[in-house]
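Numbering (the working numbering), first residue to last: -14 to 124.
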């Protein structure tokens, strides 16, 4: 039996555990399609270019879509290949959860959004979430 968001009711309970960041990098993840509207991976890349000047940060994008190549090209132009990883959507829910559990923060940059599955899953795991200041996410 599969529930409407693709999670088996027999799934094991997992919980994110805060890791010590001293001497390590901050691991950020964003899950979403690379569309020509709504999702703003481009803003996240530009912000990370500024942040990298003083901090050790790694960003993992999970998703596919028409803007993925353009974002990858911008990452290459900025010389950020070593601190940004691109992964496709996963076939198994547990693969996504493993990435989330090994991250320090889920970021969801967008121009508009409903309450998406990746935010719900991250919160269910206890992973801190940073979202754009858009309705309904800012309520």
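For each residue, glycine too, the CB sits at the ideal point set by N, CA and C. Predicted, not measured: the structure shown is a model, and the values here were computed from it.
Asked                                                                                                                                                   : Found
Quick check for students: name the residue ranges of the beta strand (DSSP E) that lie wholly in the segment 19 to 84, counting only runs of 3 or more. : 42 to 47, 69 to 72
My assumption, with CB atoms under 8 Å, is that residue 21 sits in contact with residue 51. Please give the rounded CB distance.                        : 6 Å
Among residues of its own chain, excluding the 5 on either side of residue 40, which ones have a beta-carbon nearer than 7 Å to its beta-carbon?        : 11
How is the alpha helix (DSSP H) around residue 110 delimited, first residue to last?                                                                    : 102 to 110
Can you tell me whether residue 86 is helix, strand or coil according to DSSP?                                                                          : helix
So residue 11 is in the beta strand (DSSP E); what residue range does that whole segment cover?                                                         : 11 to 16
How many Å lie between residue 47 and residue 120 at the Cα?                                                                                            : 23 Å
Assign residue 119 to one of three DSSP states: helix, strand, or coil.                                                                                 : coil
Is it right to say residue 38 is buried, meaning 16 or more other beta carbons lie within 10 angstroms of its own, or is it exposed?                    : exposed
Please determine, among 84, 54, 61, the residue with the shortest C-alpha to C-alpha distance to residue 14.                                            : 84
Within a Cβ cutoff of 6 Å, which residues of the same chain sit near residue 117, ignoring the five residues on either side of it in sequence?          : 94, 95
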